[in-house]
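These notes concern the structure reproduced below.
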Amino acid sequence: MLNITSFIELMGAFVLFFAILQTASHRVDFSIKVYSIQSLFLSITIFVMGIYSNNAELYLSSFLTFAIKVIAIPYFLNKVTKRISIREKIVPYINMTNSVLITGAITIFAFFITKGDFASHEFIARRVFPTALAVILIGVFIMIARKKAIIQIIGFLTLDNGIILAATSITKGLPLVVDIGVFFDVFIGAIMAGVLIYRIRTSFDSLDTSKMSNLKE
């Protein structure tokens, strides 16, 4: 039977797994689902961290993660994709097989560079921060390796999940007002990005950002 620390580590591993799975996605709707599920595991991780550290503020952070990242943002992104009729497959700069291999290397790198840095820290920072760093780096990779603007946005949101996991693991929870401000900023940012995607699609009939490099003033 898993104890609470092992459960936290397992939930963090699921957050990382769905970040890696994101790089193997062929369709936009599937990528949104993967992001939503990843955010669900992030919410669970934060909640259990709250139990472990006896920090009630983490319960609210978990609720905000669930409400905004599991429900609100995926719902909004799905509405945008349906509105502009995104049906085509994801076209990456780097193919899916190589992307998965690269994210595997990124994960190993993240664990390697943090090895020993948190030896004196408590369990959460020692075990969860390397996972969070891997998620952050994978989010950056998704933003670089994908052509479609909406997938680049999902890459940014994945990166944000990693930042939240890292911050929570090190600080045992940010102050309540900071939590609310961060989640509000991310939600508003997602809405603005959705509006931008709509404008790009209607103006250029494509979400492939590589085609925009040919634009002249």
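Residue numbers (the UniProt record's numbering): 1 to 217.
Backbone N, C-alpha and C define an ideal beta-carbon position, used for all residues, glycine too.
Can you give me the C-alpha to C-alpha distance between residue i and residue j, rounded to a whole angstrom?
i: Gly12; j: Lys82; result: 31 Å
i: His26; j: Phe14; result: 20 Å
i: Thr23; j: Ile68; result: 23 Å
i: Ile124; j: Phe141; result: 25 Å
i: Ala190; j: Phe112; result: 32 Å
i: Glu9; j: Lys33; result: 22 Å
i: Glu57; j: Val100; result: 36 Å
i: Phe66; j: Ala72; result: 9 Å
i: Ile102; j: Ile20; result: 10 Å
With H, G and I counted as helix, E and B as strand and the rest as coil, what does DSSP make of residue i?
i: Ser61; result: helix
i: Ser25; result: coil
i: Phe14; result: helix
i: Thr107; result: helix
i: Lys79; result: helix
i: Lys69; result: helix
i: Lys33; result: helix
Going by Cα to Cα distance, which pick from the options is closest to residue i?
i: Thr5; options: Leu133, Tyr75, Phe47; result: Phe47
i: Ser53; options: Ile94, Ile188, Gln152, Ser169; result: Ser169
i: Lys79; options: Ile164, Val28, Leu133; result: Val28
i: Ala166; options: Ile144, Met143, Val186, Ile136; result: Ile136
i: Val128; options: Ile94, Ala149, Leu40, Ala110; result: Ala110
i: Ser36; options: Ala145, Thr171, Ile154; result: Ile154
i: Asn95; options: Leu133, Thr131, Lys147; result: Lys147
Do residue j and residue i have their beta-carbon atoms positioned less than 8 Å apart in this structure?
i: Ile151; j: Ser31; result: yes
i: Leu16; j: Thr158; result: no
i: Gly104; j: Gly139; result: no
i: Phe18; j: Phe41; result: yes
i: Ala145; j: Tyr93; result: yes
Is residue i a contact residue of the ligand NAD, with contact defined as CB to any heavy atom under 7 Å?
i: Leu101; result: This structure does not include the ligand NAD; it has no bound ligands of any sort.
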